[in-house]
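Using the working numbering, you'd call the opening residue of the sequence shown number 325 and step up by one each time.
Each residue gets a CB set at the ideal place from its N, CA and C atoms; glycine is no exception.
Please read these numbers as outputs of a predicted model, since none were measured by experiment.
Working notes for the structure below.
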Amino acid sequence: MLPAETYEVEFFETEAIAPPRLPARVAPLPDEVLASWLLRFAEPFAVPPEHLLLGDGERDLATHCEWWRKPDPLLIAALARGTGQSTDTVRALTFADWPDDGRDDALPERFSRQRFTVEQPSRQTRRIGVCPECFSEDETSYIRRTWTLSWLAACPMHRVPFVRTCPECGAKLRLPALSSRDHFAPDRCPRCAFRLARAPSRLAPEPVLRLQQRVLEGRPAGIIDLPEVGTLSWPVAVALFDVLLGTVWIDTKPAARDQLFARIARDLNTEPLGEVADAYRGLAILAWMFEAWPMRAQAALAILRAARPRRQLRRWPNLDAAIRGPVEQLLFAAWPDESHPPERAWWRAWIDTLPETGEDLRAQAARERLPHRRVRLLAIADVRDGLPVEVADVIPRTLYRWIRRGAKGGLDAALERPRWHQLSEPQVMELAEWIATASPDGPRWRANRVQNEARRRFGVEISLHIAGRFLRKYGPWRRRKVLAKRRLTLAPVYV
Ligand SMILES: [Zn+2]
Ligand SMILES: [Zn+2]
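And the structure:
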């Protein structure tokens, strides 16, 4: 047959004989993805949706097994015709309007560990994550468009991390193929029929949901707005996410990673990030980094003892120049100083040889009853873990001062406040307790009484000025009111 004749025959078939217009009994549900709707639509006919709705010519346009993500306009028109829906309705079930090829939306578990550590990461198609809470509310179970986005971590509505693997048998959840004749039951595990609505769920932390929402809102237009970092195009954002997650997974030691994940879980105030929710963990790491950019990313590199950004970027030789530029700029701005100050060694040596680990110091901080010692212990614990001084929660100059004292006089010297008197902290506490026993209604004590007591108890001489300060600070008497000078209102000047 000549090509022209083929065309005529097909034209004749679609227009005059087949396919018959089907009753629009199955309307698309909110945020339903095209594949889910087609599977539901074809269900009562016991015919695969591809056979029911696509003619031979159209099937040629649907060769890729995920054609339903970005179908050809001719396919959309054919499906609209076959189902009695408008082309706009059909189009809304797809990602046809999203810029670029959508490969990053479809690759299984786009930001999970295996993308960075496995030579040939999985290319298995049609992988999905499902929300157990959505299923338990569904009258008719169906697959949402958002569930097919491989980088999404949690249900935007119920805020629970997606279930991507059957909790009962470990099968990876997938959308059935459109050539499938099987009964469509998305709420059940395809292997063991476990009811996915019963999968255990927990809440994802707020920062993770916030980052996800920003990406989700920006993705259709291809502009991702990350307030702490900047406004990025989708490909640049993906590349930045890749490089940052690469620093976590590539060439790092498991113990260092565990330390980082413990820190992230602590900062996000959440349970440990488990292996199970792998894609979720990727977004959680990013959310944690972006929450305090660039300090957290710097902290991650330090904890992981990872290579510097310049070297990290060399791991991605295939990045397009237009994408590499902005990513490079962001990373080099975050790590402006590639060299260490020359006097770095003197305190590093002390910190690194401390008998207490970061964990020990943190435990000591939890037991500590004096707040200023607690703060010092936590900051020193971070530096002990390898964090640069600039990354701690304290002003670097202050932290350097504490460490300098520690290097000279030992850990306890680093924890003590410099004193303007000769009393130790426990002695001050003792004196404070003694002052607090005074009756609030009795006459105010005189400073020399405190001065004498300090001499009697500890044999230490303090000045009257300091004794007076102790009285003001720890005494039960009401503070003397100092009357504020009232401002003098000037009379208007008449001329
Ligand atoms: Zn949900
Ligand atoms: Zn199962």
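Quiz item: How close, in whole Å, do the beta carbons of residue 464 and residue 353 come, if the pair is a contact with beta carbons under 8 Å?
Solution: Sure, about 7 Å apart at Cβ, within 8 Å.
Quiz item: When every heavy atom of ligand 2 is checked, does at least one fall within less than 6 Å of the C-beta of residue 266?
Solution: Any property of residue 266 remains undetermined from this structure, which presents the chain solely from 325 to 819.
Practice problem: Could you please give me the residues that DSSP links to residue 557 through a beta bridge? | Solution: 547
Practice problem: Please report the Cβ distance between residue 628 and residue 571, rounded to the nearest whole angstrom; I am assuming they are in contact, meaning their Cβ atoms lie under 8 Å. | Solution: 7 Å
Quiz item: When you compare each of 587, 530, 723 to residue 740 by their alpha carbons, which one comes out closest?
Solution: 723
Exercise. For residue 727, collect the residues of the same chain with a Cβ closer than 8 Å to its Cβ; drop the 5 residues on either side in sequence, then sort them by chain order.
Key: 671, 674, 675, 704, 707, 713, 738
Quiz item: Going by the C-beta, is residue 457 closer than 6 Å to any heavy atom of ligand 1?
Solution: yes
Quiz item: Cβ atoms of residue 433 and residue 623: under 7 Å apart, would you say?
Solution: no
Quiz item: Sorry if obvious, but does the Cβ on residue 482 come closer than 6 Å to a heavy atom of ligand 1?
Solution: Ligand 1 has a heavy atom closer than 6 Å to the beta-carbon of residue 482.
Practice problem: Using three-state DSSP, classify residue 770 as helix, strand or coil. | Solution: coil
Practice problem: Inspect the beta-carbon positions of residue 453 and residue 483 and report whether they are closer than 7 Å. | Solution: Taking C-beta atoms as the reference points, residue 453 and residue 483 fail to come closer than 7 Å.
Quiz item: How would you call residue 899, buried or exposed, if buried means at least 16 neighbouring beta carbons within 10 angstroms?
Solution: The shown model of the chain, from 325 to 819, leaves out residue 899, and the question about it has no answer.
Quiz prompt | residue 522: CB within 6 Å of a non-hydrogen atom of ligand 2 | solution = no
Quiz item: Is the closest heavy atom of ligand 1 to the C-beta of residue 479 under 6 Å?
Solution: yes
Practice problem: Return the CA-CA distance between residue 563 and residue 476, expressed in angstroms with no decimal places. | Solution: 16 Å
Quiz item: Any idea which residues DSSP pairs residue 356 with across the strands?
Solution: 468
Exercise. Please state whether DSSP places residue 394 in a helix, a strand or coil.
Key: coil
Quiz item: CB-CB under 7 Å to residue 710, same chain, minus the five flanking residues each way: which ones, in chain order?
Solution: Shown here for residue 710: same chain residues with a beta carbon closer than 7 Å to its own, the five before and five after excluded, namely 626, 627, 629 in chain order.
Exercise. Pull up the distance between the alpha-carbon of residue 375 and that of residue 357, whole angstroms please.
Key: 19 Å
Exercise. Keeping to the same chain, check which residues put their C-beta closer than 6 Å to that of residue 556; ignore five residues upstream and five downstream.
Key: 548
Self-check item: Contacting residues, own chain, Cβ-Cβ under 6 Å from residue 340 (five flanking each side not counted)
Solution: Its pLDDT being 41, under 50, residue 340 is placed unreliably in this model, and the value from its coordinates should be taken loosely. There are no such residues.
Quiz prompt | Beta-bridge partners of residue 596, as assigned by DSSP | solution = DSSP lists no partner for residue 596.
Exercise. Examine the Cβ distances between the region 580–596 and the region 605–625 and report whether three or more of them are shorter than 8 Å.
Key: yes
Exercise. With residue 484 as the anchor, note down where its alpha helix (DSSP H) starts and where it stops.
Key: Note, residue 484: premise wrong, no alpha helix (DSSP H); not H, not E.
Quiz item: Hey, is residue 515 close to ligand 2, as in C-beta under 6 Å from one of its heavy atoms?
Solution: yes
Quiz item: Does any heavy atom of ligand 2 sit closer than 6 Å to the C-beta of residue 603?
Solution: Checking every heavy atom of ligand 2 against the Cβ of residue 603, none is found closer than 6 Å.
Quiz item: Taking three-plus beta-carbon pairs below 8 Å as touching, is the region 782–800 in contact with the region 758–772?
Solution: yes
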